[in-house]
Every structure is written in C-alpha cells, then in structure tokens.
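> Using the UniProt record's numbering, the first residue of the sequence shown is number 1, and each one after it goes up by one. Beta carbons: idealized from backbone N, C-alpha and C, even for Gly. Below are the structure tokens for one structure; questions will follow.
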Amino acid sequence: MAPHEHPAFANDKSAQWLGAEVLRADYGDVVIKMRLRDDMLNGYGIAQGGMIVAFADTAFALVCNDPHSDASTITVASGVDVNFMNPGFSGDTTTATAKLVGHAGRSGLFDIEVTRDNQDGSTTHLIHMRGRSRTIPNRS
C-alpha cells in the first residue's frame, strides 16, 4: 500500500486542505510534509499555531491507526499536550514525524515533532506534541 492510501488519510479533507503529503505511514512510524502558505498565517505574519497543530494531528491520526487493520476499530485522540518552540513562516517546508512511545490495551502514547527545513540544511523544531489515544469500535 502506498503511504497516501492509508485509510486514515485517503478521505481526510482537512489534511488535503493543509496540503499534507505522506512520505511514510506505518503503525508507530509516520513522516508527512507540508508547505506553510500565506492563508495559514496569523496577524503577526507567523504561522497560526492551530495550523501547525492540525498538521501534527494529521500525523497523529496516521501513526496510531494500523493501515493493515480489519477496520473493525479505529484509534482516536483522547488528549494531547502541545509545546510551541519556534514560529513557522510562509513558504517554510515543515515535516511532522510521529512515533509510538508505547501502548497498553486500548490506550497508546505517541510523540509528534514538527520541524521546518532551513536553507543551510539544518532543521528547527516548531512544536512537540505528546498524544494519547484510545481504540474504539468503528461505527461508520
């Protein structure tokens, strides 16, 4: 299965609006990219925090749902903690990397880092998000 075919991404209208591109999407290990646009900026000319959190949440949705599951259950966020570290700007290429920290029963813990690429080849951390998940019956 190609990464963009992940069931949690294929019909995700918000991820499509963000312009998110899936580079890797395995259970417990996800990498996605997005370019920040002018319509994602706040009144100070920097990326509105909610836009970056929405991008991180897209990675979270992918990382906590096994793309090869039987679809009888889905895993959803039960809570997140977000730490803003640096601003993003229009034109920045951002990367969200999401990893499984651990799980027990129907609960999981995940770390999501959003960085921006710098011209010198380095990266700058924009946010760190810790996500808690819960697996529930799929009622769709």
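1. Looking at the unbroken beta strand (DSSP E) that takes in residue 126, where does it start and where does it end?
2. Let's see if you can read the secondary structure: which residues bound the beta strand (DSSP E) around residue 29?
3. Checking the sheet assignment: what are the DSSP bridge partners for residue 113?
4. I need the DSSP call for residue 50, collapsed to helix, strand or coil.
5. Give every residue of the same chain whose Cβ lies closer than 6 Å to the Cβ of residue 31, excluding the five residues on either side of it in the sequence, and list them in chain order.
6. Locate the alpha helix (DSSP H) running through residue 23, then write down its first and last residues.
7. So, helix, strand or coil for residue 60, using DSSP?
8. From residue 7 to residue 17, what distance separates their C-alpha atoms?
The relevant details are as follows:
1. 123-137
2. 29-35
3. 97, 128
4. helix
5. 23, 24, 97
6. Run containing residue 23: none in the alpha helix (DSSP H); it sits in the beta strand (DSSP E), 21-26.
7. helix
8. 17 Å
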